[in-house]
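Novice: Residue numbers (UniProt numbering): 1 to 307.
Ideal Cβ placement from N, Cα and C applies to all residues, glycine included.
1) Less than 7 Å separating the Cβ of residue 83 from some heavy atom of the ligand ZN?
2) From 180, 122 and 206, pick the residue whose C-alpha is nearest to that of residue 158; which is it?
3) Check whether chain C comes within 8 Å of residue 185, counting only Cβ atoms and requiring the distance to be less than that.
4) Pick out whichever of 176, 35 and 103 has its Cα sitting closest to the Cα of residue 250.
5) Under a three-way DSSP split, which group does residue 302 fall into?
6) Could you tell me which residues DSSP puts in a beta bridge with residue 22?
7) Three or more C-beta pairs closer than 8 Å, one from the segment 206–226 and one from the segment 23–32: is that the case here?
8) Could you pull the DSSP bridge partners for residue 152 from this structure?
9) Would you identify the three-state DSSP class for residue 185, choosing helix, strand or coil?
10) In the DSSP assignment, the alpha helix (DSSP H) including residue 109 goes from what residue to what residue?
11) In chain order, what are the residue ranges of uninterrupted alpha helix (DSSP H) at least 4 long that sit wholly in the segment 222–256?
12) Quick one: residues in its chain with C-beta nearer than 8 Å to the C-beta of residue 202, no 5 flanking neighbours on either side, listed in chain order?
13) Could you compute how far the alpha carbon of residue 77 sits from the alpha carbon of residue 34?
14) Provide the residue span of the alpha helix (DSSP H) that contains residue 137, from first to last.
15) Quick check: the Cα distance between residue 235 and residue 87, rounded to an integer number of angstroms?
16) Would you check if there are 3 or more beta carbon pairs closer than 8 Å linking the segment 286–298 to the segment 41–53?
17) Indicate the three-state DSSP secondary structure (helix, strand or coil) for residue 11 in the structure shown.
18) Does the Cβ of residue 283 have 16 or more other Cβ atoms within 10 Å, making it buried, or fewer, making it exposed?
19) Among residues of its own chain, excluding the 5 on either side of residue 125, which ones have a beta-carbon nearer than 6 Å to its beta-carbon?
20) Report all residues from its chain with a CB closer than 6 Å to the CB of residue 183; omit the five preceding and five following residues, and keep chain order.
21) Considering only the alpha carbon of each residue, which of 120, 104, 89 and 72 lies closest to residue 95?
22) Buried or exposed for residue 43, going by 16 or more other Cβ atoms inside 10 Å?
23) Do you know offhand how far residue 271's Cα is from residue 103's?
24) Less than 8 Å between the CB atoms is what I'm expecting for residue 99 and residue 132, so what's the real figure, rounded?
25) Look up residue 263 in the DSSP assignment and say whether it is helix, strand or coil.
26) Got a sec? Which residues, its chain only, sit under 7 Å from residue 142 by beta carbon, not counting five neighbours each side?
27) Considering only C-alpha positions, which residue in the set 232, 247 and 139 is nearest to residue 292?
28) What's the call for residue 129, buried or exposed, on a 16-neighbour Cβ count within 10 Å?
29) Could you compute how far the alpha carbon of residue 101 sits from the alpha carbon of residue 262?
30) Indicate the three-state DSSP secondary structure (helix, strand or coil) for residue 48 in the structure shown.
31) DSSP state of residue 97, grouped into three classes?
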């Protein structure tokens with residue numbers, strides 16, 4: 001494995017080297033050690049380790065690991081594996097927890113005891129409406145909040161109203177909406193689907209403890225030209241609704257960016273920077289992530305997450 005990124009390389013143009021960058025959404029995995037069924041038959045089905053990360057030419061020095069949909073019985077194993085990696089730039093981790101399990105409270109407590117764990121994620125994007133509305137999920141979100149952890153919500157744009165109801169009915173804490181709620185990138189903001197996404201996002205923005213990651217859009221289209229044409233409007237809409245202080249930057253490597261993604265981390269970050277503007281960029285690029293995930297500027301990157 002190559003040396004972990006984050007030291008000794010010159011930043012590329014467009015990576016905003018003068019501004020501190022925290023990539024708030026990155027994955028690593030090793031199918032030789034853990035099982036990821038969704039990787040089978042894809043170009044991503046090989047080890048993707050810290051030393052492989054596209055760090056925008058050295059501009060990114062700190063990362064938030066987000067669970068990678070390991071098989072459910074290995075969730076805690078994945079979290080422990082990540083904690084044991086040679087990864088000096090790891091600033092926080094969002095680990096997998098089955099929030100629908102009968103013993104969800106115990107699983108949350110075990111996850112909270114691991115190094116650098118700041119949040120949990122239970123993938124919602126394929127759940128039917130009745131499971132999103134189930135009392136068990138609401139109860140588990142309250143346990144996540146009591147543990148002082150952030151909940152990363154990964155849903156599709158057609159599920160945003162269900163997420164709104166879930167958050168309204170839950171006594172939860174800080175939630176982060178991954179990938180802008182996976183808007184319809186191919187259709188664009190002006191489409192019927194785009195307008196529906198915007199309406200739902202506007203409702204969600206009323207939840208003051210909900211934040212949004214400016215990430216993941218390259219994975220929602222197969223065409224780079226479509227991404228360049230439609231992503232700015234979607235990004236701008238999210239920032240206008242939530243404000244820069246509730247928006248975080250994420251590369252979603254290696255799914256959205258890197259050699260197997262549609263674009264590079266540097267190019268994606270440049271697109272986000274050009275869309276949000278220079279004034280808001282420092283907040284989006286690092287400050288919000290520090291506050292949400294409790295990332296300190298000190299050597300061990302530890303602080304209390306947003307309350």
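Specialist: In short, the structure shows the following:
1) Among the components modelled here there is no ligand, and therefore nothing to report on the ligand ZN.
2) Counted from its first residue, the chain shown places residue 158 at position 158. Nearest option by C-alpha distance: 180.
3) Within the model displayed, chain C is absent; a lone protein chain is all it includes.
4) Within the chain shown, residue 250 is the residue found at index 250, counting from 1. Closest option to residue 250, Cα to Cα, is 176.
5) Looking up residue 302 in the chain shown gives position 302. Note that residue 302 scores a pLDDT of 39, beneath 50, so its modelled location is shaky; the value from the coordinates is reported in the next line. Three-state result, residue 302: coil.
6) To locate residue 22, count along the chain shown from 1; it is residue 22. Bridge partners of residue 22: 62.
7) yes
8) As a position in the chain shown, residue 152 is number 152, starting the count at 1. Partner(s): 121 and 176.
9) For the purposes of this step, residue 185 is taken as residue 185 along the chain shown, with counting starting at 1. Looking at residue 185 - three-state DSSP - the assignment turns out to be coil, as it is neither helix nor strand.
10) Residue numbering aside, residue 109 sits at position 109 when the chain shown is read from its first letter. Its alpha helix (DSSP H) spans residues 104–112.
11) 224–242
12) Locating residue 202 in the chain shown gives position 202, where the first residue counts as 1. Only 241 meet the Cβ criterion.
13) Numbered from 1 along the chain shown, position 77 holds the residue referred to as residue 77. Numbered from 1 along the chain shown, position 34 holds the residue referred to as residue 34. So the alpha carbons of these two residues sit roughly 8 Å apart.
14) Translated into positions along the chain shown, residue 137 becomes position 137. 135–146 is the extent of the alpha helix (DSSP H) around residue 137.
15) Locating residue 235 in the chain shown gives position 235, counting from the first residue. Locating residue 87 in the chain shown gives position 87, counting from the first residue. In this structure, the straight-line span from the alpha carbon of residue 235 to that of residue 87 is close to 30 Å.
16) no
17) One-based indexing of the chain shown puts residue 11 at position 11. Summary for residue 11: the model assigns pLDDT 37, below 50, so the residue's position carries little reliability, and this model does not support an answer.
18) Here the question's residue 283 lines up with position 283 in the chain shown. A residue is called buried once 16 or more other Cβ atoms fall within 10 Å of its Cβ, and residue 283 is buried on that count.
19) The residue given as residue 125 occupies position 125 in the chain shown. Once the five neighbours on either side are set aside, the close Cβ partners of residue 125 are 154, 155 and 156.
20) Within the chain shown, the letter at position 183 stands for residue 183. For residue 183, where only same-chain residues beyond five positions count, the Cβ hits under 6 Å are 157, 197 and 234.
21) What you label residue 95 is simply residue 95 of the chain shown in a count that begins at 1. Nearest of 120, 104, 89 and 72 to residue 95, Cα basis: 120.
22) What you label residue 43 is simply residue 43 of the chain shown in a count that begins at 1. By the 10 Å Cβ count, residue 43 comes out exposed.
23) In the chain shown, the residue the question calls residue 271 occupies position 271. In the chain shown, the residue the question calls residue 103 occupies position 103. The straight-line gap from Cα to Cα measures roughly 42 Å.
24) Residue mapping note: residue 99 aligns to position 99 of the chain shown, counting from 1. Residue mapping note: residue 132 aligns to position 132 of the chain shown, counting from 1. No, residue 99 and residue 132 are not in contact; Cβ-Cβ is about 11 Å, not under 8 Å.
25) Within the chain shown, the letter at position 263 stands for residue 263. Three-state DSSP puts residue 263 in a strand.
26) Indexing the chain shown from 1 puts residue 142 at position 142. Excluding sequence neighbours, residue 142 sits near 170, 171 and 172.
27) By one-based count along the chain shown, residue 292 stands at place 292. Ranking the options by Cα distance to residue 292, first place goes to 247.
28) The count along the chain shown starts at 1 and reaches residue 129 at position 129. Counting Cβ neighbours within 10 Å, residue 129 comes out exposed, since fewer than 16 surround it.
29) Here residue 101 is taken as the residue at index 101 of the chain shown, counted from 1. Here residue 262 is taken as the residue at index 262 of the chain shown, counted from 1. Computed Cα separation, rounded: 35 Å.
30) In the chain shown, residue 48 corresponds to position 48, counting from 1. Looking at residue 48 - three-state DSSP - the assignment turns out to be strand.
31) Stepping through the chain shown from its first residue, residue 97 is reached at position 97. Three-state result, residue 97: coil.
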